[in-house]
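Q:
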Amino acid sequence: MPRYPWTDGPEYITQCPIQPGSKFSQKIILSSEEGTLWWHAHSDWTRATVHGAIIVYPKNGTKYPFHKPNAEFLIILGQWWKSDVNVVRDDVLASGADVNASNSLLINGQPGDLLPCSKSGTFKITVDHGNTYLLRIINAALHEPLFFSIAKHKMTVVGTDGSYTKPLTQDYITIFPGQTFDVLLEANQRPDHYYMAAITYSEAPTGLNIYDNTTTTAIVQYRGYYTPSSPPFLPHLPAYNDTNATLQVMANLRSLVDAEHPCNVPLSTSTNLFYTVSLNSYPCINDSCSGVNGTRSASSINNISFHTPTIDILEAYYYNISGVYGDKFPSVPPQVFDFTGDYLPLLYQLPSTGTEVRVLEYNSTVEIVFQGTNLVGGTTHPIHLHGHSFYVVGWGLGNFDENKDPLRYNLVDPPHQNTIYVPRNGWATIRFKASNPGVWFMHCHIERHQSWGMETAFIVKNGKHPEAQMLPPPSDMPPC
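Numbering (the numbering used here), first residue to last: 923 to 1402.
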């Protein structure tokens, strides 16, 4: 959305919500993206069903940097509750509890054959033996990182988050909420029916009802005359808690880097930030809440749990409305400790609350180290930045070592993404140039973590020249 944050969409960040019965025209401006992106609602948990794909094809006169597929299929992964999803959200926020597991995972809106509710509607793709197909895969689930695989077939990753990658052949991928993957599927097996399937990756102990343990399926069916296996073959997927398996794609993903797709990773940085991402808790009177040990669940970045204002930050910034936000978001956490230690003082679990953002100079080069912590319980965090894609230059398990870990950064062909998975009790480093003036949201794409406060925003200042400055707002901005 170059120079145009007005229709980026997050409520009370770049706009006030579109009210029932009213309307607002979203103007989408693309820049260098090519591949699969997606759009979704950014109000309450409405994005569970209000979402869709944005596909950016090679521009005229250019072509894919791989053999052109014979056809393509869109695969949107999601999750579904038997009750209204915003009722689920309201109950979570009222009680302070973790969210109850969804009732089913979905592939293109259907649970699949293994669940009794929609077998006749199970999604199917038909392929011809010897052909190659491009699958555009989006994880639109609210909370669940997902393992995805196709029985007896390998997949070759060729893109992610609207950017091409070097080909990476995998038996399965791990796709986190908010991420997209473009993969090539070669129809090279004996003609039959084969399941594609997805399951949750979770660090939660077995027996806790906080992750969806269903398996959603769709069918790859070969064209021809044969008697299909019944049931179709199921793919082998990692164990639901196999953290090492989640690292396989991250460890090997590389930007394509060719004449048409250069790698512009900043080799030096002017702004260096260290952001801890944590689950937290607030005490409740008489331990009356339903979170851990009677507390209220929360989350934070640098121990600040974001408080959503009632006037959107973009308009407050543009029109100089005071009192809506502060611009002193800290560069480092307030306390340095063994972030991934097994036993951490209860005092560290209590976050502060604020509406703080960070101001960036136009064209400044930014590095952010995201450090996961083991407060309340270590978990994964897919962090998404609006308004910019970034290079993932490094990642690791344990505590980030500022002396040793930067020596291992990939500054040659790091993947170019807009959502990065911070491993459980680990870290990830991104770099980008703040060349897009405006107000840009940054948040965990696990919806409950965002609702609990794991979010902030960047204000990128205007540059000196008119082409480096924000465009004016549209006339139909929703009122607050």
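By construction, the Cβ of each residue, glycine as well, lies at the ideal position given by its N, Cα and C atoms.
In this text the structure is predicted, and so the values were computed from the model without any measurement.
If you draw a straight line from the alpha carbon of Val1451 to that of Trp967, how long is it in whole angstroms?
A: Summary: the structure shown does not reach residue 1451, with the chain confined to residues 923 through 1402, and so no result is reported for it.
Q: The alpha helix (DSSP H) with Leu1403 in it runs from where to where?
A: The first residue shown for the chain is 923 and the last is 1402, placing residue 1403 beyond what the model contains.
Q: Could you give the first and the last residue of the continuous alpha helix (DSSP H) run that contains Ser1373?
A: Glu1369 to Trp1374
Q: With 16 as the cutoff for other CB atoms within 10 Å, does Arg1058 come out buried or exposed?
A: buried
Q: Do Pro1177 and Pro1336 have their C-beta atoms within less than 8 Å of each other?
A: Checking the displayed sequence, the identity of residue 1177 turns out to be Ser instead of Pro. Yes, the pair counts as a contact, with Cβ atoms nearer than the cut-off.
Q: Leaving out the 5 sequence neighbours to the left and right, which residues in its chain are closer than 6 Å to Trp1374 when beta-carbon positions are compared?
A: Ser1219, Ala1220 and Ser1221
Q: Counting C-beta neighbours from all protein chains within 10 Å, is the total for Ser1244 16 or more, i.e. buried, or is it exposed?
A: exposed
Q: So what does DSSP say about Leu996, is it helix, strand or coil?
A: strand
Q: Which residue's Cα is closest to the Cα of Glu1237: Leu1036, Pro1395 and Val1258?
A: Pro1395
Q: So, helix, strand or coil for Leu1266, using DSSP?
A: In the structure shown, Leu1266 adopts coil according to DSSP, grouped into three states.
Q: What do you get for Leu1268, buried or exposed, if any count of 16 or more other CB atoms within 10 angstroms of its CB means buried?
A: Counting of Cβ neighbours within 10 angstroms places Leu1268 among the exposed residues, the total staying below 16.
Q: Can you give me the Cβ contacts of Leu1189 inside the same chain, cut-off strictly under 8 Å, excluding the 5 residues immediately before and after it?
A: Leu1333
Q: Among the residues of its own chain, which have a CB less than 7 Å from the CB of Leu1056, if the five just before and after it don't count?
A: Counting only residues of its own chain and dropping the five nearest sequence neighbours on each side, Leu1056 has a CB closer than 7 Å to the CB of Pro991, Glu994, Asp1104 and Leu1106.
Q: Could you give the first and the last residue of the continuous beta strand (DSSP E) run that contains Leu1319?
A: Phe1312 to Leu1319
Q: How far does the beta strand (DSSP E) with Ile951 in it extend, from its first residue to its last?
A: Per DSSP, Ile951 belongs to no beta strand (DSSP E) and is neither H nor E.
Q: Do the segment 1228 to 1236 and the segment 1312 to 1322 meet, that is, are 3 or more Cβ pairs less than 8 Å apart?
A: no
Q: By the DSSP assignment, the beta strand (DSSP E) with Asp1104 in it spans what residues?
A: Thr1102 to Glu1108
Q: Give me the Cα-Cα distance between Asn1215 and Met1376, rounded to the nearest whole angstrom.
A: 21 Å
Q: So, is Ser947 buried or exposed, given that buried needs 16 or more other C-beta atoms within 10 angstroms?
A: exposed
Q: Could you name each continuous beta strand (DSSP E) segment of 3 residues or more that falls completely within the segment 953 to 1041, going from the start of the chain to the end?
A: 957 to 962, 973 to 978, 993 to 1002 and 1026 to 1029
Q: Please report the residue range of the beta strand (DSSP E) in which Ile1059 lies.
A: Thr1054 to Asn1061
Q: Along the chain, which unbroken stretches of the beta strand (DSSP E) at least 3 residues long are found entirely within the segment 1184 to 1260?
A: 1193 to 1204, 1218 to 1223 and 1226 to 1228
Q: Using only the alpha-carbon positions, how far apart do Ala1379 and Thr1138 sit?
A: 35 Å
Q: Give the secondary structure of Ala1390 by DSSP, where H, G and I count as helix, E and B as strand, and everything else as coil.
A: helix
Q: Check whether the Cβ atoms of Gly1018 and Cys1185 lie closer than 8 Å to each other.
A: no
Q: Taking buried to mean at least 16 other C-beta atoms within 10 Å of its own C-beta, is Cys1402 buried or exposed?
A: Using a 10 angstroms sphere on the CB of Cys1402, the tally of other CB atoms stays under 16, which defines it as exposed.
Q: Mark Lys1112 as exposed unless 16 or more other C-beta atoms lie within 10 angstroms of its C-beta, in which case mark it buried.
A: The residue you asked about is not Lys; residue 1112 is Arg in the sequence shown. Classification of Arg1112: exposed, given that the 10 Å Cβ count is below 16.
Q: Cβ of Ser1005 within 8 Å of Cβ of Asp1134?
A: no
Q: Report, in whole angstroms, the separation of the C-beta atoms of Arg1346 and His1065, which I expect to be a contact under 8 Å.
A: The pair is not a contact, with the Cβ atoms about 15 Å apart (cut-off 8 Å).
Q: Measuring CA to CA, which of Phe1069, Gly1213, Asp1209 and Tyr1197 is closest to Asn911?
A: Because the chain spans 923 through 1402 in this model, residue 911 falls outside it and cannot be assessed.
Q: Going by beta carbon distance, what residues of the same chain come within less than 6 Å of Thr1275, once the five residues before and after it are set aside?
A: Ser1227 and His1229
Q: Taking C-beta to C-beta, are Pro1033 and Gly1360 nearer than 8 Å?
A: no
Q: What is the DSSP secondary structure of Gln1092, counted as helix, strand or coil?
A: strand
Q: Between Asn1296 and Ala1390, what straight-line distance do the alpha-carbon atoms span, to the nearest angstrom?
A: 41 Å
Q: Measure how close the beta-carbons of Thr1277 and Tyr1241 come, nearest whole angstrom, since I'm counting them as under 8 Å.
A: At roughly 17 Å, the Cβ-Cβ gap does not stay under 8 Å, so Thr1277 and Tyr1241 are not in contact.
Q: Here's the rule I'm using: 16 or more other beta-carbon atoms within 10 Å means buried, otherwise exposed. How should Ser954 be labelled?
A: Burial call: exposed.
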